[in-house]
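Residue 13 is where the sequence shown starts when you use the working numbering, and the numbers rise one by one after that. Have a look at the structure below, then the notes.
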Amino acid sequence: MDDERYTTYEAKARFSELLKKVREGRTITVTYHGEPVAEIRPLEKHSGTAARIEWLRSRGVISAPGKLIGRLESGPARPGALERFLAERD
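Pasting the structure below:
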C-alpha cells in the first residue's frame with residue numbers, strides 16, 4: 013500500500029486521525045509546497061540491545077570498531093583530584 017500524503021496544514025488539522033492510521037500500521041508523509049518533508053510511521057520494535065545494534069549497523073549509523081591500538085595507560089595519580097573536581101562542579 014502506498015503511503016498517504018497530507019500537507020502540513022492538513023496534518024495539523026487531522027493529527028489525531030493520522031496517529032490512529034499510524035497505530036494501524038500505515039505510513040503518513042507530510043508535504044510542504046508539494047515536497048515531502050516528514051514521515052510519520054509506526055515505531056519498529058526491537059527485541060533487545062543486540063537487535064538494536066544490528067538495526068543501526070544495517071543502516072550505516074554505526075560500524076564495527078576498527079583495529080585496536082592497545083590499552084590506554086592511566087595518567088599519574090594526583091592526590092585530591094576527585095575532591096577538587098567534585099568541588100568545582102558545585
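The beta-carbon is built from N, C-alpha and C at its ideal position, and this holds for glycine as well. For clarity, every value in this text was computed on a predicted model and none was experimentally measured.
Reducing DSSP to helix, strand and coil, say where residue i ends up.
i, result
"V73", "coil"
"T20", "helix"
"T41", "strand"
"R83", "coil"
"K33", "helix"
"S59", "coil"
"R26", "coil"
Could you check where the beta strand (DSSP E) with residue i kicks off and where it finishes?
i, result
"E47", "47 to 52"
Between the options, which has its C-alpha nearest residue i's C-alpha?
i, options, result
"V42", "S28, Y21, R35, T61", "Y21"
"G37", "I74, G87, E56", "E56"
Any chance the CB of residue i is under 7 Å from a heavy atom of the ligand PLP?
i, result
"K57", "The model depicted lacks the ligand PLP and carries no ligand whatsoever."
So, is residue i buried or exposed, given that buried needs 16 or more other C-beta atoms within 10 angstroms?
i, result
"L68", "exposed"
"A25", "exposed"
"Y18", "buried"
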